[in-house]
Ligand code: GLU
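In this note's numbering, the protein residues as written are 3 to 373.
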């Protein structure tokens with residue numbers, strides 16, 4: 003593939019309106035076959051790919067012969083009946099390119115609550131390391147109204163943030179952001195590049211309501227997604243994904259809107275850990291551990307001499323050296339009660355002491371910032 007999509011870690015969101023034919027309610031298998039080829043090409047050039055795919059409700063609706071507007075319970079039933087079809091389709095399409103698809107259904111809590119977040123992140127990281135393509139959707143079948151995203155635009159942006167992705171592409175039925183809804187207003191102008199999400203840009207979300215007929219995301223949720231993604235150091239692109247081979251078309255310059263990341267993902271994440279989160283405790287570490295952290299390693303329990311605070315797994319904690327100076331900050335992988343049992347011990351003994359193990363590190367290096 004050509005130059006444009008040179009991202010290290012890319013999240014691609016696929017809207018219902020492009021994956022499911024709105025007339026027949028059937029999945030567009032040819033389109034998905036071409037997408038899988040594009041994914042294989044991108045992966046071969048070194049890009050890690052995660053998909054966030056809608057379509058469960060649209061496919062389930064057809065499968066269960068439901069029409070018209072649906073109640074929440076009916077939508078959830080559709081999601082259950084449609085999700086398995088959706089996964090099978092990805093299995094087949096990616097499988098034909100020799101790629102392993104791995105389904106992950108997330109709820110709002112999994113991306114908002116830091117304890118869940120760390121778990122989801124490490125599962126997805128592991129899948130990427132193992133060479134699989136995670137296929138994410140919201141767990142619509144169990145999510146209740148108050149704890150639902152309801153649209154996959156924001157779920158995709160949260161996923162990009164969670165994975166410190168540097169690129170997010172929303173494959174939609176509209177080729178980007180317009181000054182007004184182009185379907186209603188002839189003078190609406192396309193905006194190819196957004197450097198900063200100003201109030202004027204955010205106001206453009208109120209009109210154009212793409213995917214309204216079949217999916218649930220409109221331009222407003224796409225701009226909300228842009229806020230999340232660009233703030234997390236991730237570029238975001240909206241393009242019309244309906245044509246066969248949409249990703250390679252984009253790569254060869256198809257019309258789109260590019261929202262520029264405000265920083266790089268590593269820096270954005272470090273800022274978030276260092277500045278935004280209130281530390282809930284302190285870990286005091288020995289000189290050996292200080293040295294290890296400075297050379298970019300994770301913090302192991304063995305290097306912690308004592309601790310204070312009532313923190314939960316996923317909370318931010320301060321890391322103090324022997325002089326009681328804060329040298330780093332990070333998100334802790336064990337809550338205070340369990341951390342107290344394992345500090346000073348070898349990582350290999352964690353399972354025996356706790357009855358489980360949440361990784362060898364008390365704070366993984368990806369969740370740690372040196373100050
Ligand atoms: N999770 C929903 C589905 O799979 C889609 C939500 C959306 O349209 O963004 O049908």
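Cβ atoms here follow ideal geometry from the backbone N, Cα and C, with glycine treated the same way. Keep in mind that this is a model prediction, so the values were computed, not measured.
By a C-beta neighbour count over all protein chains shown, 10 Å radius and 16 as the cutoff for buried, is residue i buried or exposed?
i, result
"residue 258", "buried"
"residue 140", "buried"
"residue 354", "exposed"
"residue 194", "exposed"
"residue 166", "buried"
"residue 221", "buried"
"residue 5", "With a pLDDT of only 48 at residue 5, under 50, the local geometry of the prediction cannot be trusted, and no value is derived from it."
"residue 22", "buried"
"residue 360", "buried"
"residue 102", "exposed"
"residue 372", "exposed"
"residue 40", "buried"
"residue 113", "buried"
Quick check: what's the CA-CA separation for residue i versus residue j?
i, j, result
"residue 313", "residue 358", "19 angstroms"
"residue 11", "residue 306", "33 angstroms"
"residue 90", "residue 57", "12 angstroms"
"residue 29", "residue 273", "42 angstroms"
"residue 24", "residue 185", "18 angstroms"
"residue 251", "residue 55", "19 angstroms"
"residue 150", "residue 263", "26 angstroms"
"residue 200", "residue 206", "10 angstroms"
"residue 318", "residue 337", "11 angstroms"
"residue 121", "residue 192", "40 angstroms"
"residue 284", "residue 370", "13 angstroms"
"residue 106", "residue 169", "20 angstroms"
"residue 69", "residue 63", "7 angstroms"
"residue 295", "residue 332", "11 angstroms"
"residue 46", "residue 36", "15 angstroms"
"residue 351", "residue 270", "34 angstroms"
"residue 143", "residue 152", "11 angstroms"
"residue 213", "residue 155", "Its pLDDT being 46, under 50, residue 213 is placed unreliably by the model, and the measurement read from it follows with that caveat. Residue 213 and residue 155: Cα-Cα distance of roughly 11 angstroms."
"residue 324", "residue 293", "12 angstroms"
"residue 276", "residue 146", "33 angstroms"
"residue 31", "residue 286", "56 angstroms"
"residue 281", "residue 79", "42 angstroms"
By the three-class DSSP mapping on this structure, what secondary structure does residue i have?
i, result
"residue 336", "coil"
"residue 151", "coil"
"residue 5", "The predicted model places residue 5 with a pLDDT of 48, which falls under 50 and marks its position as unreliable; any figure quoted below should be read in that light. The answer is coil: DSSP assigns residue 5 none of H, G, I, E or B."
"residue 241", "strand"
"residue 301", "strand"
"residue 326", "coil"
"residue 184", "coil"
"residue 267", "helix"
"residue 10", "coil"
"residue 254", "coil"
"residue 37", "helix"
"residue 284", "strand"
"residue 248", "helix"
"residue 105", "strand"
"residue 315", "coil"
"residue 176", "coil"
"residue 345", "coil"
"residue 259", "strand"
"residue 30", "coil"
"residue 121", "helix"
"residue 292", "helix"
"residue 307", "strand"
"residue 360", "coil"
"residue 133", "coil"
Measure from the C-beta of residue i to each C-beta in chain B and report whether the shortest distance is under 7 angstroms.
i, result
"residue 301", "In the structure shown, chain B cannot be found, because there is only a single protein chain."
Inspect the beta-carbon positions of residue i and residue j and report whether they are closer than 7 angstroms.
i, j, result
"residue 240", "residue 174", "yes"
"residue 302", "residue 224", "no"
"residue 49", "residue 92", "no"
"residue 52", "residue 13", "yes"
"residue 253", "residue 7", "yes"
"residue 316", "residue 116", "yes"
"residue 159", "residue 227", "yes"
"residue 330", "residue 321", "yes"
"residue 104", "residue 136", "yes"
"residue 375", "residue 298", "Because residue 375 is not part of the residues shown, which for the chain are 3 to 373, the question remains open."
"residue 118", "residue 111", "yes"
"residue 27", "residue 59", "no"
"residue 196", "residue 261", "yes"
"residue 99", "residue 18", "no"
"residue 349", "residue 341", "no"
"residue 87", "residue 108", "no"
"residue 20", "residue 233", "no"
"residue 238", "residue 231", "yes"
"residue 198", "residue 190", "no"
Self-check item: Residue ranges of each alpha helix (DSSP H) within the region 44 to 100, 4 or longer
Solution: 58 to 65, 74 to 97
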